[in-house]
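Undergrad: What follows is a single structure, and I will ask about it in a moment.
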Amino acid sequence: MAQEQKGKPIQLAVYDFDGTCISGSSTVLLVRFLVFRRKLKLPRSLGIAGWALKYKLQLPQNEAWVRAQVFKAFEGQPREEADAYLGKFYDDVIEKRFRPAADASMLSHAQDGKVVVVVSASWDAIVNRAREFHPIDYQVSTRMVVNEEGRYTRQVDGLPVEGEEKVHALQRFADERFGAGNWVVSDAYGDHHSDVPMLELARTPHAVTPDNPLERYAKREGWPILDWKDREKKPGYYTYG
18 MAQEQKGKPI QLAVYDFDGT CISGSSTVLL VRFLVFRRKL KLPRSLGIAG
68 WALKYKLQLP QNEAWVRAQV FKAFEGQPRE EADAYLGKFY DDVIEKRFRP
118 AADASMLSHA QDGKVVVVVS ASWDAIVNRA REFHPIDYQV STRMVVNEEG
168 RYTRQVDGLP VEGEEKVHAL QRFADERFGA GNWVVSDAYG DHHSDVPMLE
218 LARTPHAVTP DNPLERYAKR EGWPILDWKD REKKPGYYTY G
């Protein structure tokens with residue numbers, strides 16, 4: 018973990034997860050994983066596919082709705098059991114998609130004494146698993162409500178960490194962890210136009226393999242545009258375990 022320097026504002030290097038740290042969408046990949054294992058029925062998955070298409074076409078979509086649909090597969094399960102399943106999903110599907118350039122970037126910032134934070138709409142169990150393999154100090158991601166019996170519901174705890182909520186969630190986390198006024202975002206990395214509010218927090222925003230609206234915005238603002246696409250597909254890249 019990066020050293021937190023007393024007397025100076027903590028410098029945060031902030032990363033989006035889906036499409037930035039990893040190639041693809043963890044939500045779409047999880048749906049395929051669940052359907053393949055018959056934990057999610059096909060009609061429900063088709064509705065989620067419609068959400069994914071809207072996302073790709075930059076159309077408005079309901080982030081809480083899609084997470085409730087996906088979490089039907091885990092409704093009523095003990096949190097520890099469901100989190101272990103999501104950890105296996107990460108191991109089988111996501112880890113091979115983690116971009117080497119993201120790893121290198123995180124390591125470089127950590128060596129410079131910055132604190133690496135992933136801020137993501139993906140589920141906390143998935144991003145927490147990534148922390149075990151990569152130089153990520155903290156993560157701020159979407160959580161689901163756990164009932165009084167310690168079992169998951171289909172309700173998002175608060176709001177999905179997406180768009181403007183990434184800014185609010187990061188601010189709440191950093192104020193609590195480091196103290197209000199004791200931190201700054203030195204660098205931020207995102208791939209989607211919905212990441213703009215988070216990127217604008219940074220002294221140096223980076224557009225990573227950006228979608229068209231973000232690329233246009235980055236060019237207009239003079240932001241660095243990075244190509245982190247994998248040059249070579251890894252073995253088993255498109256398998257689902």
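For the sequence shown, our numbering gives the first residue as 18, with consecutive numbering after it. Note that CB positions come from ideal geometry on N, CA and C, so glycine has one too. The model shown is predicted, which means the values in this text are computed figures rather than measured ones.
1) Three or more beta-carbon pairs under 8 Å between the stretch 155-163 and the stretch 173-185, yes or no?
2) Grab me the residues of alanine 191's own chain with a C-beta within less than 7 Å of its C-beta, minus the 5 sequence neighbours each way, in chain order.
3) Could you work out which residue in Pro222, Arg116 and Asp228 is closest to glutamate 238 when comparing CA atoms only?
4) At what residues does the beta strand (DSSP E) containing glycine 207 begin and finish?
5) Hey, how far is the Cα of methionine 123 from the Cα of histidine 151?
6) On the criterion of 16 or more Cβ atoms from any shown chain inside 10 Å, does glycine 8 qualify as buried, or is it exposed?
7) If you drop the 5 nearest sequence neighbours on each side, which residues of the same chain put their C-beta closer than 6 Å to that of proline 77?
8) Opposite histidine 223 in the DSSP bridges: which residues?
9) With DSSP collapsed to three states, give me the class of aspartate 35.
10) Under a three-way DSSP split, which group does serine 211 fall into?
11) Which residue's Cα is closest to the Cα of tyrosine 155: Ser40, Tyr32 and Lys25?
12) Are alanine 186 and valine 133 closer than 8 Å when you measure CB to CB?
13) Please go through the same chain and pick out, in chain order, the residues whose beta-carbon is closer than 7 Å to the beta-carbon of serine 211, but skip the five residues on each side of it.
14) Which of helix, strand or coil does DSSP assign to proline 241?
15) Can you name the residues that DSSP bridges to threonine 159?
16) Comparing C-alpha positions only, which one of His126, Ile39 and Asp120 sits nearest to valine 110?
17) Taking Cβ positions, are alanine 119 and threonine 37 nearer each other than 8 Å?
18) Exposed or buried, what is lysine 131 when buried is set at 16 or more other beta-carbons lying within 10 Å of its beta-carbon?
19) In whole angstroms, what is the alpha-carbon distance linking alanine 219 and valine 184?
20) Does the separation of the CB atoms of arginine 148 and glycine 41 fall below 8 Å?
21) With DSSP as the reference, label proline 230 as helix, strand or coil.
22) Skipping 5 residues on each side, what residues in its chain have a beta carbon closer than 7 Å to that of isoleucine 153?
23) Alpha helix (DSSP H) containing tyrosine 102: first to last residue?
TA: Looking at the coordinates:
1) Touching, yes, given that three or more Cβ pairs across the two stretches are closer than 8 Å.
2) Correct list, in chain order: Leu29 and Trp200.
3) Relative to glutamate 238, the option among Pro222, Arg116 and Asp228 whose CA is nearest is Pro222.
4) Counting along the chain, the unbroken beta strand (DSSP E) around glycine 207 starts and ends at 200-207.
5) For methionine 123 and histidine 151, the distance between alpha carbons rounds to 8 Å.
6) Beyond the ends of the chain as shown, which are 18 and 258, falls residue 8; an answer cannot be given.
7) At proline 77 the pLDDT is 49, less than 50, meaning the model places this residue with poor confidence and gives no usable figure here.
8) Note: histidine 223 sits in a beta bridge opposite Tyr206.
9) In the three-state scheme derived from DSSP, where H, G and I count as helix and E and B as strand, aspartate 35 is classed as strand.
10) Look at serine 211 here: in three-state DSSP terms it is helix.
11) Between tyrosine 155 and the set Ser40, Tyr32 and Lys25, the nearest pair of CA atoms involves Tyr32.
12) In this structure, valine 133 does not lie closer than 8 Å to alanine 186 by Cβ.
13) Same-chain partners within the cutoff: Glu179 and Gly180.
14) Coil.
15) Answer is Trp140, bridged to threonine 159.
16) Its Cα nearest to that of valine 110, the residue Ile39 stands out among His126, Ile39 and Asp120.
17) Going by C-beta atoms, alanine 119 is nearer than 8 Å to threonine 37.
18) Flag for lysine 131 reads buried.
19) The straight-line gap from Cα to Cα measures roughly 11 Å.
20) Arginine 148 places its beta carbon 8 Å or farther from that of glycine 41.
21) Note: proline 230 maps to helix in three-state DSSP.
22) Answer for isoleucine 153: Met123, Val133, Val135 and Ala147, listed in chain order.
23) That run of the alpha helix (DSSP H) goes 96-106.
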